[in-house]
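Residues in the sequence shown are numbered from 248 upward in steps of one, following this note's numbering.
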Amino acid sequence: MASTISSTPDEIPQRKVPMDDVTIDAEMKKDLPEVKVAKNPSVMPVPKFFLPPKPMGSMAQNGRRAGLPKSDSFDDESDDDEFDDDYSDDDEFFTATNMNPELFKALKGGNIAFIEKARDMESSHLFDTSPKLNTILHVAASSGHEKVVKVILETKGCQQLVMRKNSAGDLALHVAASAGHLPILKLLLSASYQHLEESQCSFEPLKEQNKRGNTPLHLALINKYQEVTSKIKYNEVARFLVETEPVVTCSSINKENKSPLYMAAEAGDVELLEIMLNKLPCLQKVAGKSIVHPTISCAFTTKNIGILDTVLRKMPHLITNQDNTGMTPLSHAASIGFLDGVQYLLEKASDCAYKIDLNGFYPIHTASKKGHIEVIEFFLNQYPDTSELLNRNGQNILHVAAVSGKAKAVAYILKRDDLEMLINEKDNYGNTPLHLASKERHPKVVSILTWDKRVSLKLLNIVGKTALDVAGDYSPVGFPSFREQLTRQALRYAGAPRAPRSSTSKNMQIMMPHMKLHSDKDRVGTLLLVAALVATVTFAAAFTVPGGYNGSGGVATFLEKQMFQVFVICNTIAMYSAIAVVVTLIWAQLGDLNLVIAALKFAVPIFGLALTMVSVAFMFLTPSFSSLHPLLPILPFDKSY
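In structure tokens form, the structure reads like this:
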């Protein structure tokens, strides 16, 4: 039996943490239990018996991993002859590492006698690993058997297992924190500190992150906010970790870009968040605004006024600070329509309503951009002169709402008589709200503005364009979109004029013929196709007359019937009309715009006549058939016809 030493938390010397001026001394470890561990007389390499025995097909030293084919070796050249002899070329995969079954059962079941017997026999199986590379310390920590963990830590060579990671990158500390076993966590932490002091290593166990970037505190919080029945034990673990290593609270970011501070805010855990923030005054250099600001943003996202109040009571200077996007907390609250947050922030610092962000917007502009009417109304009622605020482009709140397409916000602003001066106000480029809505093709906003008689439709911007001119500024390549057409139609319906003799008109005169030609050519092609089909059908009906011919004389059977005679007349008119349309449209294919327009003006009514005659011909033909066939319904026509 190896000699053991006993150390208490008071005997643990002060350990410097490489994080600015922050130290974690023995006072922070006062709750750590006494652990008897095998003493390491000096810093030595890991003894050979520490490594698990290498069975046939186990993980090799040449870089191959369990479960990978031989061709996937990390090192193509292997000097491990013993391994190569054991490995058969006929085998496709390696066998995963495994732990002795009896030992695994004893660890899971808390069988201390079995563990002590294995310790006394100095069994090499104590260093076995499971398929996920869990050591016996990992398994015991996850099972919650405190006495088993103590026995393992008192075993010769096993103290170093506190530094071993499994396949997920978890230390035994991670496993204990994730399982919510606080006594075991304290045992492991005490053993870790003792081992590090003896080996003079700068390793920081509570700051260590697994492959997902999670520290033990991250894992405790994840399970705390997911579990329903075990919140108390996870809360105790989290509080202990925060008080022991407060730096982790804000400095450790996992691969989801979340710090423990952010996770507590996201879950609405006001109590734990306050404990974390109480540790931050001594960490001012660590807890910069880039770390704390996401926590404030999280309070806005979840619309949790309690979290917001907790953070800003501890750090009131953050009310006026800007985050990485250049937005103030008030701008964030206004952008998501968090009215309670807006009211709270303005009660704390009313001058924030007049603080512009890096995007050139005041908070009331941000609310207008997002269309949050309640926030806009609150600003205007509490701070009426905010209606005069202009962003960096010289735009008022109506400009911003119009250019963003927020129809309800535009309608609300128009209803307020005290905001009438905003209706026709121009920005730095001479654009009114109507210009901007027309430019961005917001037909609903344009319609709302044009229905208001106070809106001037004739105003020109800095380049001499009216709203209708701006709405017509689309690329000559292709056909205008549906929104563009609706916008122009709304302006035309309201009687919006074009700028007189402006460069815009000249440009449109150049562009419109080209666009008109594209549009009319499509109409010509479609009309030509349908007219050709009508001409073909009517031509065929003239020679294959209904009812056939009587005898060898070539006389139609229905020749004497008036209905048949009407059919022949209508079919003839339809055929000649369709032929005339086809000839006219072929003539229009020459490409001249005036010719196309003239051809369409002639062809469209003639083609309408052709379709009408086809319909009439069929209508008068049906009674003729019904008079011949007894099974067909008799229509109210005289059979003598």
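Backbone N, C-alpha and C define an ideal beta-carbon position, used for all residues, glycine too.
### Task
Evaluate GLY742 with the Cβ neighbour count: other Cβ atoms within 10 Å of its Cβ, from every protein chain shown; 16 or more gives buried, anything less gives exposed.
As a position in the sequence shown, residue 742 is number 495, starting the count at 1. Exposed is the call here.
### Task
Please confirm whether THR567 and CYS599 have their CB atoms less than 8 Å apart.
Locating residue 567 in the sequence shown gives position 320, counting from the first residue. Locating residue 599 in the sequence shown gives position 352, counting from the first residue. Cβ atoms of THR567 and CYS599: closer than 8 Å.
### Query
Hey, quick one: how far does the alpha helix (DSSP H) through LYS364 stretch, first residue to last?
Counted from its first residue, the sequence shown places residue 364 at position 117. Here the alpha helix (DSSP H) through LYS364 covers 359-367.
### Query
Could you give the uninterrupted runs of the alpha helix (DSSP H) lying entirely in the segment 648-712, keeping only those of 4 residues or more?
654-662, 680-686, 690-698
### Task
Answer with buried or exposed for HIS442, where buried requires no fewer than 16 other C-beta atoms within 10 angstroms of its C-beta.
For this step, residue 442 is matched to residue 195 along the sequence shown. Buried, since its Cβ has 16 or more Cβ neighbours within 10 Å.
### Message
Measuring only the C-alpha atoms, how far is ILE611 from GLN590?
### Response
What you label residue 611 is simply residue 364 of the sequence shown in a count that begins at 1. What you label residue 590 is simply residue 343 of the sequence shown in a count that begins at 1. Each residue's Cα considered, the two are about 13 Å apart.
### Query
The alpha helix (DSSP H) with ASN523 in it runs from where to where?
For the purposes of this step, residue 523 is taken as the residue at position 276 of the sequence shown. Reading off the sequence shown, one finds Met at residue 523, where the question assumed Asn. It spans 517-526 - the alpha helix (DSSP H) in which MET523 sits, taken as one unbroken run.
### Message
What would DSSP say about ARG244, mapped onto helix, strand or coil?
### Response
Examination of residue 244 is not possible in this model, given that the chain is present from 248 through 888 alone.
### Message
Could you tell me the alpha carbon to alpha carbon distance between LYS379 and GLY573, rounded to whole angstroms?
### Response
If you number the sequence shown from 1, residue 379 lands on position 132. If you number the sequence shown from 1, residue 573 lands on position 326. About 45 Å.
#### Entry: Alpha-carbon to alpha-carbon, SER578 and PHE351
Position 104 of the sequence shown, counted from the first residue, corresponds to residue 351. Position 331 of the sequence shown, counted from the first residue, corresponds to residue 578. Each residue's Cα considered, the two are about 57 Å apart.
### Query
Candidates ALA654, ASP417, LEU464, SER597: which alpha carbon is nearest SER617's?
Translated into the one-based positions of the sequence shown, residue 617 becomes position 370. One detail in the question is off: residue 617 reads as Lys in this sequence, not Ser. Selected option, being the one with the closest Cα: ALA654.
#### Entry: Top-ranked residue by Cα proximity to HIS428, from PHE786, ALA485, SER499
Here residue 428 corresponds to residue number 181 of the sequence shown, with the count starting at 1. The shortest C-alpha separation from HIS428 is found at ALA485.
### Query
Can you tell me where the alpha helix (DSSP H) with ASN628 in it begins and where it stops?
The residue given as residue 628 occupies position 381 in the sequence shown. Here the alpha helix (DSSP H) through ASN628 covers 620-629.
### Query
Are the CB atoms of ALA387 and ALA424 nearer to each other than 8 Å?
Your numbering for residue 387 matches position 140 in the sequence shown. Your numbering for residue 424 matches position 177 in the sequence shown. No, the Cβ-Cβ distance between ALA387 and ALA424 is not below 8 Å.
### Task
Figure out for me which residue from SER377, LEU373, GLY357 has the closest Cα to the Cα of THR342.
For the purposes of this step, residue 342 is taken as residue 95 along the sequence shown, with counting starting at 1. Out of SER377, LEU373, GLY357, SER377 has the C-alpha closest to the C-alpha of THR342.
### Query
Between ASP587 and ILE552, which are expected to be in contact by the criterion C-beta below 8 Å, what is the C-beta distance as a whole number of angstroms?
The residue given as residue 587 occupies position 340 in the sequence shown. The residue given as residue 552 occupies position 305 in the sequence shown. Contact holds; Cβ gap of about 5 Å.
### Query
So, is SER449 buried or exposed, given that buried needs 16 or more other C-beta atoms within 10 angstroms?
As a working note, residue 449 is residue 202 in the sequence shown. Exposed.
### Query
What separation, rounded to the nearest whole angstrom, lies between the Cα atoms of TYR823 and LYS768?
If you number the sequence shown from 1, residue 823 lands on position 576. If you number the sequence shown from 1, residue 768 lands on position 521. Answer to the nearest angstrom: the Cα atoms are 23 Å apart.
### Message
Assuming ASN628 and ASP674 are in contact, meaning their beta carbons sit under 8 Å apart, how far apart are those beta carbons, in whole angstroms?
### Response
Your numbering for residue 628 matches position 381 in the sequence shown. Your numbering for residue 674 matches position 427 in the sequence shown. About 25 Å; that fails the 8 Å criterion.
### Query
Just how far apart, CA to CA, sit PHE849 and LEU842?
In the sequence shown, the residue the question calls residue 849 occupies position 602. In the sequence shown, the residue the question calls residue 842 occupies position 595. PHE849 and LEU842: Cα-Cα distance of roughly 11 Å.
### Message
Please tell me whether ALA360 and LEU373 are closer than 8 Å, where the distance is taken between their beta carbons.
### Response
Indexing the sequence shown from 1 puts residue 360 at position 113. Indexing the sequence shown from 1 puts residue 373 at position 126. Against a cut-off of 8 Å, the Cβ pair of LEU373 and ALA360 comes out as no contact.
### Query
Nearest to PHE854 by CA position, among ASN525, LEU775, HIS619, is which residue?
For the purposes of this step, residue 854 is taken as the residue at position 607 of the sequence shown. Ranking the options by Cα distance to PHE854, first place goes to LEU775.
### Task
Please report how far the alpha carbon of PRO348 lies from the alpha carbon of PRO430, in whole angstroms.
Position 101 of the sequence shown, counting from 1, holds the residue named residue 348. Position 183 of the sequence shown, counting from 1, holds the residue named residue 430. So the two alpha carbons sit approximately 26 Å from each other.
### Task
Give every residue of the same chain whose Cβ lies closer than 7 Å to the Cβ of HIS682, excluding the five residues on either side of it in the sequence, and list them in chain order.
Position 435 of the sequence shown, counting from 1, holds the residue named residue 682. The answer, listed in chain order, is ASN708, ALA714, VAL717.
### Query
Closest by CA to PRO493, which one among MET523, GLU451, PRO563, ILE469?
Within the sequence shown, residue 493 is the residue found at index 246, counting from 1. It is MET523.
### Task
Give the C-beta separation of ALA511 and ASN457 to the nearest angstrom, bearing in mind that I take them to be a contact with Cβ-Cβ under 8 Å.
Your numbering for residue 511 matches position 264 in the sequence shown. Your numbering for residue 457 matches position 210 in the sequence shown. Actually they do not touch by this definition, with Cβ atoms about 20 Å apart.
### Same chain, Cβ closer than 8 Å to LYS550, five either side skipped, listed in chain order
Reading the sequence shown from its first residue, position 303 is the one you call residue 550. Cβ within range, chain order: ILE583, PHE585, ASP587, GLY588.
### Task
Can you have a look at ASP665 and say buried or exposed, based on whether 16 or more other CB atoms are within 10 angstroms of its CB?
On the sequence shown, residue 665 is found 418 positions in, with the first residue counted as 1. When all chains shown are included, ASP665 counts as exposed.
#### Entry: Environment of GLU518 [buried if 16+ CB atoms lie within 10 Å]
Start at 1 with the first residue of the sequence shown, and residue 518 comes out as number 271. Looking at its Cβ environment, which holds fewer than 16 other Cβ atoms inside 10 Å, GLU518 is exposed.
### Task
Taking PHE814 as the reference, give the member of GLU513, SER371, ALA864 with the closest Cα.
Reading the sequence shown from its first residue, position 567 is the one you call residue 814. If we check each option's Cα against that of PHE814, ALA864 comes out closest.
### Task
Just list the alpha helix (DSSP H) runs in the segment 450-486, keeping only unbroken ones of 4 residues or longer that don't cross its boundaries, in chain order.
463-473
### Query
Out of LYS561, ARG770, ALA426, which has the shortest C-alpha to C-alpha gap to GLU393?
Counting from 1 along the sequence shown, the entry for residue 393 is found at position 146. Selected option, being the one with the closest Cα: ALA426.
### Task
Could you tell me the distance, in whole angstroms, from the CA atom of LEU593 to the CA atom of HIS421?
Residue mapping note: residue 593 aligns to position 346 of the sequence shown, counting from 1. Residue mapping note: residue 421 aligns to position 174 of the sequence shown, counting from 1. Straight-line Cα distance between these residues: approximately 43 Å.
### Query
Exposed or buried, what is ALA438 when buried is set at 16 or more other beta-carbons lying within 10 Å of its beta-carbon?
As a working note, residue 438 is residue 191 in the sequence shown. ALA438 should be labelled buried.
### Message
Using only the alpha-carbon positions, how far apart do LEU706 and SER862 sit?
### Response
Within the sequence shown, numbered from 1, the residue matching residue 706 stands at position 459. Within the sequence shown, numbered from 1, the residue matching residue 862 stands at position 615. Taking the straight line from one Cα to the other gives about 52 Å.
### Query
Can you give the Cα-Cα distance for LEU704 and GLN642, rounded to whole angstroms?
Start at 1 with the first residue of the sequence shown, and residue 704 comes out as number 457. Start at 1 with the first residue of the sequence shown, and residue 642 comes out as number 395. Cα-Cα distance, rounded: 18 Å.
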